[in-house]
Amino acid sequence: MTKIKSLKIKGLRGIREELNLKLDKNSLLLYGENGSGKSSITDAVEWFYTNRIDHLSSEEIGRSGMEALRNIFLKDEEDGTIAVEFTNDKYNSERSIFYKKESLQSKIAD
Numbered sequence: 021m022t023k024i025k026s027l028k029i030k031g032l033r034g035i036r037e038e039l040n041l042k043l044d045k046n047s048l049l050l051y052g053e054n055g056s057g058k059s060s061i062t063d064a065v066e067w068f069y070t071n072r073i074d075h076l077s078s079e080e081i082g083r084s085g086m087e088a089l090r091n092i093f094l095k096d097e098e099d100g101t102i103a104v105e106f107t108n109d110k111y112n113s114e115r116s117i118f119y120k121k122e123s124l125q126s127k128i129a130d
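If you're matching positions, the sequence shown starts at 21 in this note's numbering and goes up one per residue.
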């Protein structure tokens with residue numbers, strides 16, 4: 021069975037600097053104060069797999085999910101990324117969000 025070995029997240033939601041999570045144990049517990057980034061991690065993983073975040077795609081927040089996903093402190097030339105490393109290296113890949121011609125776009129690469 022292929023499992024996720026690690027996550028690298030940068031520039032997504034509340035995660036400005038690169039966050040490296042090693043997932044080499046059987047369990048993972050995300051614990052922290054409100055606003056410490058727990059939901060940013062789960063949002064990044066949801067976006068990696070589905071190219072959307074359901075709770076950010078609502079018109080109630082007044083902006084698109086893509087704009088809400090990208091960390092507001094990133095410079096325009098900086099990308100927001102999540103890289104997922106699997107136990108089977110052939111599945112390793114990365115999803116990025118970036119500005120191109122003044123609009124936000126995303127891509128996935130292996």
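The beta carbon of each residue, even a glycine, is placed where N, CA and C say it ideally should be.
Computed from a prediction, not measured in an experiment: that's the story for all the values here.
For residue i, the three-state DSSP class (helix, strand or coil)
i: THR101; result: strand
i: GLU87; result: helix
i: LYS58; result: helix
i: GLU37; result: coil
i: LYS134; result: Only positions 21 to 130 of the chain appear in this structure, which leaves residue 134 out of reach.
i: LEU10; result: With the chain covering only 21 through 130, there is no way to say anything about residue 10.
7 Å Cβ shell around residue i - same chain, five flanking residues per side excluded
i: ASP130; result: ASN112, SER113
Close-in-space but distant-in-sequence residues of the same chain around residue i (CB under 8 Å, 5 per side omitted)
i: PHE106; result: THR22, LYS23, ILE24, LYS25, ASN112
i: ASP96; result: TYR119
C-beta contact flag for residue i and residue j at 8 Å
i: SER123; j: ASN71; result: no
i: GLY31; j: ASN108; result: no
Whole-number beta carbon distance between residue j and residue i, since they are thought to touch under 8 Å
i: ALA64; j: ILE117; result: 10 Å between Cβ atoms; not a contact.
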